[in-house]
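Numbering (our numbering), first residue to last: 1 to 288.
Here is the structure:
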């Protein structure tokens with residue numbers, strides 16, 4: 001069985017499970033919870049659905065950097081608050097400990113990945129459902145009666161994620177991309193893109209603001225061949241600043257708090273495909 005058939009069958013199975021599970025109790029009071037990461041905000045908000053109200057202690061700013069939520073919007077924590085973190089070290093960095101906040105719940109002990117690698121791991125569609133399963137477990141520990149609903153929401157999340165990957169593969173399978181991302185390669189691989197990338201020596205030089213003319217020339221050649229250059233917010237700043245305004249370049253963004261993750265990913269794949277099918281890109285200063 002091909003990978004497309006496997007993913008399609010898996011998505012159908014999750015949808016069946018989703019449709020067979022009971023919904024949330026009408027009129028039930030929303031459970032309030034605080035999370036340490038915008039990734040956990042997205043996952044707990046989706047899995048918790050109508051049963052939860054979620055606030056995050058951190059967010060991505062306009063530059064894609066992870067920052068503390070401004071004081072004016074930061075949650076005022078009390079010892080009774082439910083707090084979700086990747087692990088206790090993740091919480092400790094934000095001043096949250098089990099001693100101060102007994103209802104702190106960690107998904108892992110410890111979470112095996114931190115820093116930039118965390119974004120890369122969570123961008124991998126084969127990893128994210130397992131983290132979502134841990135989120136379900138924590139929510140159900142706090143709200144056992146809501147377990148069937150959270151199970152249904154998890155099934156919906158998995159089905160929509162796999163369906164989005166299928167859609168991405170239909171649009172982008174075999175498409176060459178020049179990957180300069182810092183953490184998004186798993187998303188490109190999941191869509192079946194053919195990954196092109198610079199040598200380690202070139203990448204190191206460009207990251208140090210050296211040889212940027214060669215980077216511009218490579219970008220122009222890629223544009224002429226309809227090979228989009230893909231960057232993200234973990235791309236080294238020197239490269240990102242040099243390329244972000246170029247028409248040959250596609251920026252994979254951060255998922256916004258106002259959109260669920262499968263919808264965000266679908267939009268990213270569609271936008272990348274539209275970049276591919278647009279008219280050939282003419283580098284600045286050259287004639288058609």
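Cβ atoms here follow ideal geometry from the backbone N, Cα and C, with glycine treated the same way. Note that the structure is predicted; figures quoted are calculated from it, not measured.
So, are the CB atoms of residue 107 and residue 135 less than 8 angstroms apart? yes
So residue 270 and residue 171 are in contact, right, with Cβ under 8 angstroms, and what is the actual spacing, rounded? 7 angstroms
Skipping 5 residues on each side, what residues in its chain have a beta carbon closer than 8 angstroms to that of residue 209? 238
Alpha helix (DSSP H) runs contained entirely in the region 71 to 144, provided each spans 4 or more residues: 88 to 92, 116 to 122 and 128 to 142
Take residue 38 and list the residues in its own chain whose beta-carbon comes closer than 8 angstroms to its own, dropping the five residues that flank it on each side. 56, 58, 59, 60, 66, 254, 255 and 257
Would a C-beta distance cut-off of 8 angstroms place residue 113 and residue 34 closer than the cut-off? no
Looking at C-beta atoms only, is the number of pairs between the region 165 to 184 and the region 80 to 98 that lie closer than 8 angstroms three or more? no
Measure the C-alpha to C-alpha separation of residue 167 and residue 229 and round it to an integer number of angstroms. 21 angstroms
When you compare only the Cα positions, how much space is there between residue 53 and residue 70? 19 angstroms
Would you mind reading off the limits of the alpha helix (DSSP H) that contains residue 261? Note, residue 261: alpha helix (DSSP H), 261 to 277.
Considering only their Cβ atoms, is the gap separating residue 91 from residue 104 smaller than 8 angstroms? yes
C-alpha distance - residue 169 paired with residue 250, whole-angstrom precision: Between residue 169 and residue 250, the C-alpha separation is close to 18 angstroms.
Roughly how many whole angstroms lie between the Cα atoms of residue 142 and residue 272? The alpha-carbon atoms of residue 142 and residue 272 are separated by roughly 40 angstroms.
Rounded to whole angstroms, what's the CA-CA distance from residue 184 to residue 137? Just pull it up for me. 27 angstroms
Could you compute how far the alpha carbon of residue 75 sits from the alpha carbon of residue 188? 35 angstroms
Boundaries (first-last residue) of the beta strand (DSSP E) holding residue 180: In this chain, residue 180 is not harboured by any beta strand (DSSP E), its DSSP state being neither H nor E.
So, with DSSP's three-state summary, where would you put residue 226? In this structure, residue 226 counts as coil in the three-state DSSP scheme.
Between residue 244 and residue 195, what straight-line distance do the alpha-carbon atoms span, to the nearest angstrom? 20 angstroms
Below 6 angstroms CB to CB, which residues in the same chain sit around residue 43 once its five sequence neighbours on both sides are set aside? 132 and 135
DSSP three-state label for residue 248, please. coil
For residue 186 and residue 124, which I take to be in contact (beta-carbon distance under 8 angstroms), what is that distance rounded to the nearest angstrom? 4 angstroms
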